[in-house]
Every structure is written in C-alpha cells, then in structure tokens.
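Each remark here refers to the structure printed beneath this line.
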Amino acid sequence: MHAGARHRWRLGVACALVASFFLVEVVVGWVSGSLALLSDAGHMAADVVALSAALVATRIATRPDTTGRRTFGSYRAEVFASGLTVLLMLGTAVYVTVEAVRRIGSAPDVAARPMLVVGAIGLVINAIALLLLRGGAGESLNVKGAYFEVLADTVGSIGVIAAGALVSVTGDGWWDTVFALAIALFVAVRAVVLGREVLAVLGQHAPAGLAPADIEASLLNVLGVEGVHDLHVWTLTSGMHVATAHLLVAEGSTAGVLAAASGVLRADYGVEHATLQVETPTSQCERTSW
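Just so you know, we're using the working numbering here: the sequence shown kicks off at -16 and counts up by one.
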C-alpha cells in the first residue's frame, strides 16, 4: 500500500473537523466585521476543499486501471490534489490582500469578543487536525499538502486571537487588517514551498536526496557493469520512486547483473520499480538525440 492510502483515515478525520467549524467561522466573521476572521474562514474553506480533494485522490490512486492506457496507474492523482491545494492557498492570500487594500482610508468597526472566542475554538480544531496529519506528512506529498493547509490555518487562528486581543485593548480596528495581511503572507509563502515540490514531481526531477551521479556510480560498482547510460530517476507519487537505465557489460558477463543492479537500487536508494536494459558491445543501442 502506498503512503497516501495508508494515511487516508487521517485525511478523513481532519476534513470532518475542519468542515464542521467552517460555517461557524463564516457566520461570526460576517457578523463581527472581522477581516482577519473572514480571511481565516476563507482559508478554512480552502482547507475543506483541499482535504476533500486529497481524500478523493487517495481513492482514485488505488483504483485498478480498466482502460489499459494508464500504465502507471492513477497515482499521480495525489500530486494533482496537492497542486489544487497550492492554487487554493494562493487564491486565499490574494483575496485577503485585496480586501485589506480596499479598507485603506476607512476605519473598520470590528467586534473583538467574537474574534477571540472563534479564534480560540479554531485553534483547538486546527491543532487536533495537525496532530492527525503530522504522522503522514513526511511520507505523502498529498498529506503534506493538507498538513501545510491546516498549518497555515493554525497560524491564521493565532493571528485572529492576537488581532482580537489588540482590537479589544486599543479599540483600533486596523489591527484586524494588519493581522489579515500577515496571515495572507504566511499562506502565500507556504503555498510557494509546496508548489515547488509539486512541480518537481510533475517535471519528473530526480527525487530529493537521490543524486543521479551517485546512482550511476553505484551501478558501475556492480560486478560486470562497464558503463551506464540513459539513466533516469523520478517520483511517481510520494514514496514511489522509479528508475530506468541501460547497463553495458562485457560479452558473456550478463549473468546476475540484472538482479544485482536491481538490488542496489532497491536497498541503497529505495527504488523498488526499476527498468534496466543490459547491453553488450555488440548489441549496444543507439543513443537518442534528446
């Protein structure tokens, strides 16, 4: 079972918790006039969509292919779900920034007490969801995207509490706008970090921590291997690395090379799916132009 499927239950529970609180935050934010609270509600809405998409993606990823055309299955659905999370986070950050700019020159009237109460409840909800998702964030990019979403929302809840406290003490509603902008900046930064990881997978870059040069050197150390070319290594989805390579061996020295090379990739680099082509000087393939 791949990483995303193992942690599906974490996504389900976290999604239920966040969705249950979303409507409360929207209503209270609207009534209190708090932009910080509404921005946090907007981000929580993005959480609900992102968590739901992540949950659906783990289901899609485990479905058997009935078309015969998806030769790698549907595992990339989880990566696309992470990409959706990035877009939602960036959209929330832009919305909050635009709303904050629109408030320039006005004196917003903000009710501090509802902000404090709802912010505190939201912090508890997000803290529970974080603890749930943390266990799978290190293994699955899909779960990591959901974890980042909830982490950003946790910071948003802290910002709401801080803004509510300052508005209550000073009577100045501008603190609400300031913290809303701070929340938006934090969300945008986390979105960029996650987005880079998503693009690295979709761009079929070498997985983090796996240097193609090191893999080539290890394959050259396999008894009988005299050359390595057309080496490619990439990530299909979180925890699933794939590699292909052509191995040049001397005439009559092919026995055992394939098993040994596959063992090196599996044991030293965690690459369980490798397609290796063994060649001799007389049967060496022609190099492609690209």
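Glycine included, C-beta positions come from ideal geometry on N, C-alpha and C.
query	result
A24 versus L203, V133, L116, A233, residue with shortest Cα-Cα distance	V133
Ranges of the beta strand (DSSP E) found wholly within the region 154 to 179, counting only runs of at least 3	none
CB contact flag (T227, V62, <7 Å)	no
Run of the alpha helix (DSSP H) containing T287, from where it starts to where it stops	Nothing about residue 287 can be read from this structure; the chain reaches only from -16 to 273.
Residue environment, S140, which counts as buried when at least 16 other CB atoms sit within 10 Å	buried
Validate contact between the region 71 to 89 and the region 160 to 172 using beta carbons, cut 8 Å, 3 pairs	yes
Of the residues A28, S57, T68, the one placed nearest A37, counting alpha carbons only	T68
Minimum C-alpha distance to L177 - residue among Y130, L241, T137, L193	Y130
Exposed unless 16 or more other CB atoms sit within 10 angstroms - verdict on M(-16)	Confidence is the limiting factor: at M(-16) the pLDDT is only 46, short of 50, which leaves the residue's position unreliable, though a coordinate-based value still follows. Counting Cβ neighbours within 10 Å, M(-16) comes out exposed, since fewer than 16 surround it.
Exposure label - V153; buried when at least 16 CB within 10 Å	At residue 153 the sequence reads Thr, which differs from the Val that was named. Its Cβ having fewer than 16 others within 10 Å, T153 is exposed.
Residue ranges of each beta strand (DSSP E) within the region 176 to 223, 3 or longer	208 to 220
G222 versus D197: straight-line alpha-carbon distance, rounded	19 Å
Straight-line gap, R53 to V172 (C-alpha atoms, nearest Å)	34 Å
Nearest residue (CA-CA) to V31, options H212, S17, M72, I144	M72
Straight-line Cα distance separating D159 from S15	11 Å
Beta-bridge pairing of Q267 - partner residues as DSSP gives them	The partner list for Q267 (beta bridge, DSSP) is empty, contrary to what the question assumes.
Simplified DSSP state of V232, which is helix, strand or coil	strand
Cβ pair L0, I144 closer than 7 Å	no
CA-to-CA distance, H256 to G142, given in whole angstroms	45 Å
Rounded separation between F169 and T137 - CA only	11 Å
Cα-Cα separation, T41 to H215	26 Å
Cβ-Cβ distance between V11 and V101 below 7 Å	yes
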